[in-house]
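Peer 1: Residue numbers for the sequence shown follow numbering that gives the first Met the number 0, beginning at 0 and rising by one. Backbone N, C-alpha and C define an ideal beta-carbon position, used for all residues, glycine too. Computed from a prediction, not measured in an experiment: that's the story for all the values here.
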Amino acid sequence: MTTPPNISQMSLNDMLYSRDMSGDEIHGIQSYLRHYGYLQDRFGALHDGEYDDATEKAVRLYQCCFGLPVTGSLDQATLCEMAKPRCGFVDISPMDGAFTTVSRWEQPELTYKFNSFSTKMAQADIERDVAAAFGLWSEQCDLRFTMTADDAVDIEIEFAQGEHGDDSPFDGPSGVLAHAYFPPPNGGPLAGDTHFDDDENWTCNVSDTQGIDFLTVAAHEFGHAIGLGHSRQRGALMFPSYSGTQRFLAADDIAGCQSLYGPPTASTSADCPS
Ligand code: TQI
Ligand code: ZN
């Protein structure tokens, strides 16, 4: 680890206000904020030596973490706090994604089957979109999904209306669209199972903007079924609101599934030309 920048080496009296600070002084503050994780590339672009938006956001985050008044400027209280001796470890890890995880499957090979289909979409379309939704995850982490006709599978998929035998009844059109159970030990015998509310206006057709895109919701639910909770990252598939079709994983979703299962293994990508 690099040596933490030492703010007390700077002359505090000279830099009570960010607008009065020289490029070198601002650079010093930025190094300090970067060292402890308040300034990170993923939070936005930085102009080195300039008190820009990224720096101001980092200062606000720092103030918030230290219980200081959140002014966004380098006031005396903030500079004094920075000048105090402190632990050299980061406060905000660069690894911290916005994703959350709950539990994971122990084996990389997961099986699934359908207990019922929808009245709104053809069976072949559902099977294709479910395979595609699983594929989004298996492309990015060390998991593989296989449909089988066996009784005992990991993930049971069904369409149901209202009460459907799991104490979490569906609520008719709109509201809850679907739910999935996390991997064991969560969910007991229901672990991994994924239920879709058949009262929704499901569509398999990307150009049908009135309907709810089944593939998008299935991919989100399968994120839960493999152990991801919701993400704080807007634009992540695991962000907890539906804003239309999103048939891809965002970087945060990829970081989330890889944190649970690691990247895809060589055998998974054996069919890629090398
Ligand atoms: N269903 C909720 C969801 O999947 C149910 C739920 C809430 C849940 N918290 C959970 C399931 C934690 C497992 C674990 O988020 S939903 C969206 C989104 C829903 C919502 O019907 O509200 C999607 C289903 F993100 F768009 F709001 C799919 Cl994509
Ligand atoms: Zn969700």
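Using 8 angstroms as the threshold, is the segment 120–128 in touch with the segment 76–96, meaning 3 or more CB pairs across them?
Peer 2: With a cut-off of 8 angstroms, the segment 76–96 and the segment 120–128 do not count as touching, because too few Cβ pairs lie within range.
Peer 1: Counting only runs of 4+ residues fully inside the segment 53–103, write out the alpha helix (DSSP H) ranges in chain order.
Peer 2: For the segment 53–103, whole alpha helix (DSSP H) runs of length 4 or above, ordered along the chain, are 75–82.
Peer 1: So what does DSSP say about THR147, is it helix, strand or coil?
Peer 2: Residue numbering aside, residue 147 sits at position 148 when the sequence shown is read from its first letter. Three-state DSSP puts THR147 in coil, outside helix and strand.
Peer 1: Ends of the alpha helix (DSSP H) at ASP23?
Peer 2: As a first step, residue 23 is located in the sequence shown; it is residue number 24 there, counting from the start. Start and end: 22–34.
Peer 1: Could you tell me which uninterrupted alpha helix (DSSP H) segments, each at least 4 residues in length, are contained entirely in the segment 174–247, listed from first to last along the chain?
Peer 2: With a minimum length of 4 residues, the continuous alpha helix (DSSP H) runs that stay inside the segment 174–247 are 213–224.
Peer 1: Using a Cβ-Cβ cut-off of 8 angstroms (strictly less than) and excluding sequence neighbours within five positions of ALA224, which residues of its own chain qualify?
Peer 2: For the purposes of this step, residue 224 is taken as the residue at position 225 of the sequence shown. Result list for ALA224: ILE154, ALA179, TYR180, PHE181, PRO182, GLY191, ASP192, THR193, in chain order.
Peer 1: Apart from the five residues on each side of it in sequence, which residues of its chain come closer than 7 angstroms, Cβ to Cβ, to PHE133?
Peer 2: Counting from one through the sequence shown, the residue named residue 133 turns up at place 134. Answer for PHE133: PHE144, PHE221, listed in chain order.
Peer 1: Under 8 angstroms: do the segment 196–208 and the segment 225–236 share three or more Cβ pairs, one atom per stretch?
Peer 2: Touching, no.
Peer 1: Can you name the residues that DSSP bridges to LEU109?
Peer 2: Stepping through the sequence shown from its first residue, residue 109 is reached at position 110. According to DSSP, which records beta bridges pairwise, LEU109 is partnered with PHE144.
Peer 1: Considering only residues of the same chain and omitting the five flanking positions on each side of ASP13, which have a CB-CB separation below 7 angstroms?
Peer 2: Residue numbering aside, residue 13 sits at position 14 when the sequence shown is read from its first letter. With a pLDDT of only 48 at ASP13, under 50, the local geometry of the prediction cannot be trusted, and the value read off the model is given with reservation. Within the same chain, ASP13 has no close Cβ partners at all.
Peer 1: Okay, do the segment 50–62 and the segment 73–80 touch, 3+ Cβ pairs below 8 angstroms being the bar?
Peer 2: Yes, the segment 50–62 is in contact with the segment 73–80.
Peer 1: Going by other Cβ atoms of all chains shown within 10 Å of its Cβ, with 16 needed for buried, is SER137 buried or exposed?
Peer 2: Reading the sequence shown from its first residue, position 138 is the one you call residue 137. Label assigned to SER137: buried.
Peer 1: With DSSP collapsed to three states, give me the class of ALA159.
Peer 2: Sequence index remark: in the sequence shown, residue 159 carries index 160 (1-based). If DSSP states are grouped into helix, strand and coil, ALA159 belongs with the strands.
Peer 1: Can you give me the Cβ contacts of VAL205 inside the same chain, cut-off strictly under 6 angstroms, excluding the 5 residues immediately before and after it?
Peer 2: The residue labelled residue 205 in the question sits at position 206 within the sequence shown. Here the set comprises THR244.
Peer 1: With distances taken between CB atoms, is the gap from THR147 to LYS112 smaller than 8 angstroms?
Peer 2: What you label residue 147 is simply residue 148 of the sequence shown in a count that begins at 1. What you label residue 112 is simply residue 113 of the sequence shown in a count that begins at 1. Yes, they are a contact pair.
Peer 1: Can you tell me the Cα-Cα spacing of SER273 and LEU135, whole angstroms?
Peer 2: Counting from 1 along the sequence shown, the entry for residue 273 is found at position 274. Counting from 1 along the sequence shown, the entry for residue 135 is found at position 136. Below a pLDDT of 50, predicted positions are generally treated as unreliable, and SER273, at 41, falls in that range; the measurement from the model is reported next regardless. Distance between the alpha carbons of SER273 and LEU135: 21 angstroms.
Peer 1: THR54: which of ALA76, HIS34, PHE65, ILE25 sits nearest, CA to CA?
Peer 2: Taking the first residue of the sequence shown as position 1, residue 54 is located at position 55. Ranking ALA76, HIS34, PHE65, ILE25 by Cα distance to THR54 puts ILE25 first.
Peer 1: Spatial neighbours of CYS140 within its chain, please: CB distance less than 6 angstroms, with the 5 preceding and 5 following residues excluded, ordered by chain position.
Peer 2: Indexing the sequence shown from 1 puts residue 140 at position 141. Contacts found: CYS256, GLN257, TYR260.
Peer 1: Measure the CB-CB distance between PRO68 and SER30 and report whether it falls below 8 angstroms.
Peer 2: Within the sequence shown, residue 68 is the residue found at index 69, counting from 1. Within the sequence shown, residue 30 is the residue found at index 31, counting from 1. Cβ atoms of PRO68 and SER30: not closer than 8 angstroms.
Peer 1: Compute the Euclidean distance between the alpha carbons of GLY164 and GLN122, then round it to the nearest angstrom.
Peer 2: Position 165 of the sequence shown holds residue 164. Position 123 of the sequence shown holds residue 122. One C-alpha to the other measures close to 23 angstroms.
Peer 1: Give me the DSSP bridge partner(s) of ILE154.
Peer 2: The residue you call residue 154 lines up with position 155 of the sequence shown. DSSP, once it has assigned bridges, lists TYR111 as partnering ILE154.
Peer 1: Are PRO184 and SER102 closer than 8 angstroms when you measure CB to CB?
Peer 2: Indexing the sequence shown from 1 puts residue 184 at position 185. Indexing the sequence shown from 1 puts residue 102 at position 103. Their beta carbons are under 8 angstroms apart, which means PRO184 touches SER102 by this criterion.
Peer 1: Cβ-heavy atom distance between PHE98 and the ligand TQI below 7 angstroms?
Peer 2: Position 99 of the sequence shown, counted from the first residue, corresponds to residue 98. The answer is no for PHE98.
Peer 1: Contact check, PHE195 vs PHE247 under 8 angstroms by CB: the rounded distance?
Peer 2: Taking the first residue of the sequence shown as 1, we reach residue 195 at position 196. Taking the first residue of the sequence shown as 1, we reach residue 247 at position 248. The pair is not a contact, with the Cβ atoms about 20 angstroms apart (cut-off 8 angstroms).
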